[in-house]
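The number in the working numbering is simply the position in the sequence shown, starting from 1, with 249 added.
Notes to accompany the following structure.
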Amino acid sequence: MKLFTKYMTRNDCYTAGRKITPKGIMVHSTAVPGVMAADWFSRWNKSYKAGEINRQVCVHAFVDDKEVWQYLPWNHRGWHAGGSANNTHIGFEICEPAGFSYKSGSVMVGYDAAKQEDYFRKAWQNAVELCVMLCREYGLDENDIICHSEGYKLGIASNHADVMHWFPKHGESMDTFRKAVKKALENNTDNNTDIGIGDLVEFKDSAKNYYPGSMEVPTWVKNDYYHRVTQTLYKGKPVIKGGKECVLLGKKVKKSGGQEIAGINTWVAKENLVIVNSIPDKKGNRTYTVQKGDTLWRIAEKELGRGTRFPEIKKLNGLTSDTIYPGQVLKLPE
């Protein structure tokens, strides 16, 4: 799962600043064919109060077949359920592919399930992995996951059909979705074990101490900065503190602008961190940290959807050759 974070700071939901203690996860789907996860920022990062948008709505994240975009902090009260679930549930939308239309609100017209099976499976998997991450972070399990239509039946959400107007077309249901999350949780797969030198990370909302028994993590360390991993071993061995494997955070990266400065130089348990793939820079550009084996073509293909767009990356970053190196931070075009 590729997770990107870009908060909708213009949206009135974000500026309201109300916090929640997440007790569950609510799964939605967009009912807007062809609009992918990254596209929703420009659509919803607007103020209803200022007359910039005609809806008071905001969810925590959008998921498509390629990536996940987080637009609200996970512990921020969202406007997604149309009911009391806003006070208890993290809400995310699964984006629907292009090639069909709607009538009567929830009837998919011209939807070819066989043609869209590949998209559906990839989006489904990203949604499962997002739920696994959130379950681990907030002490939840598969039983704490519902969709919008289930929320309506429980009396905690408005009357919408999603996602049960879509999942059955691919032989799935919320029960099978929960089973997939349960299986992934039992497999104990966690991308935090893959954190390495050069990775950009941030603290989970649930992180209280740097590692068990250490000092408490200051609020500004969690909320104001991403962090760059600069060391994973000491004298060739993993560093264990408080019984947990740790990495050293040697650089700070400002969330508001992307400026990289001297870090906290503190060993932190891997389980308290999550990898951040890209961030906006001072001019609003996303950035990407080059990994071992990357090429400009591969980055363009992965991040922009087409390898042929690699000249745009070169131009934006003032590169005179195709040579890049691990740890290099590149700005990405829209």
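Every residue, glycine too, gets a C-beta built ideally from N, C-alpha and C.
Neighbourhood of G400 by C-beta distance below 7 Å, restricted to the same chain and skipping five residues each side
M275, A330, G332, A334 and A406
Using the Cα positions of I395 and F341, report the straight-line distance between them to the nearest angstrom.
11 Å
Cβ pair S321, V381 closer than 8 Å:
The sequence shown places Leu at residue 321, not Ser. Going by C-beta atoms, L321 is not nearer than 8 Å to V381.
Starting from the C-beta of R259, find all residues in its chain whose C-beta is less than 6 Å away, skip the five residues before and the five after it, and write them out in chain order.
N294, K295 and S296
With T481 and L498 assumed to form a contact (beta carbons below 8 Å), what rounded beta-carbon distance in angstroms separates them?
That belief does not hold up - the Cβ atoms of T481 and L498 are roughly 11 Å apart, past 8 Å.
With burial defined as no fewer than 16 other Cβ atoms inside 10 Å of the residue's Cβ, what is the status of N440: buried or exposed?
With a pLDDT of 46 at N440, under the threshold of 50, the modelled position of that residue is not reliable, and no figure is offered here.
Separation of T536 from E509, as counted between CA atoms
12 Å
Only counting the same chain, and skipping five residues up and downstream in sequence, which positions put a Cβ closer than 6 Å to that of K418?
A362
Quick one: what does DSSP say H329 is sitting in, helix, strand or coil?
coil
Would you call the segment 277-284 and the segment 345-358 in contact, with 3 or more CB pairs under 8 Å?
yes
Residue burial classification, Y475 (beta-carbon count within 10 angstroms, cutoff 16):
buried
Using the rule of at least 16 other Cβ atoms within 10 Å of the residue's Cβ for burial, across every protein chain shown, is R477 buried or exposed?
buried
Taking the straight line between their C-alpha atoms, what separation do you get for E494 and I302?
46 Å
I want to know whether the segment 264-272 touches the segment 314-328 - three or more CB-CB distances under 8 Å.
yes
Taking only the alpha-carbon atoms, compute the straight-line gap between Y483 and A429 and give it to the nearest angstrom.
38 Å
Cβ-based burial, A223 [other Cβ within 10 Å; buried from 16]:
Residue 223 is absent from the structure shown; the chain starts at 250 and stops at 583.
Beta-carbon within less than 6 Å of N458's beta-carbon, same chain only, minus the 5 sequence neighbours each way: which residues are those?
E465
Ordered along the chain, which non-local residues of its own chain (more than five positions away) have a Cβ less than 6 Å from that of N566?
L579 and K580
Out of D424, I489 and K519, which one is the CA nearest neighbour of G445?
K519
Alpha-carbon to alpha-carbon, G492 and Y460
8 Å
At the level of alpha carbons, what is the spacing between R292 and E316?
18 Å
According to the neighbour-count rule (16 or more other Cβ atoms, all chains shown, within 10 Å of its Cβ), is N392 buried or exposed?
exposed
Apply the 10 Å Cβ neighbour rule to R427 and answer buried if 16 or more other Cβ atoms are within range, or exposed otherwise.
buried
Report yes if the C-beta distance between H338 and G273 is below 8 Å; otherwise report no.
yes
Residues in the same chain with beta-carbon distance under 7 Å from H409, minus the five sequence neighbours each way, listed in chain order, please.
H397, S398 and Y401
Report yes if the CB atom of F311 is closer than 8 Å to the CB atom of C344, and no otherwise.
yes
Per DSSP, P487 forms a beta bridge with which residues?
L482
Could you name the residues of the same chain whose beta carbon sits closer than 7 Å to that of W546, not counting the 5 residues immediately before and after it, in chain order?
G556 and F559
Going by DSSP, what residues sit across from N458 in a beta bridge?
E465
Roughly how many angstroms lie between the CA atoms of K551 and D543, to the nearest whole one?
10 Å
Please state whether the Cβ-Cβ distance between V412 and I524 is less than 8 Å.
no
In three-state terms, what does DSSP make of G556?
helix
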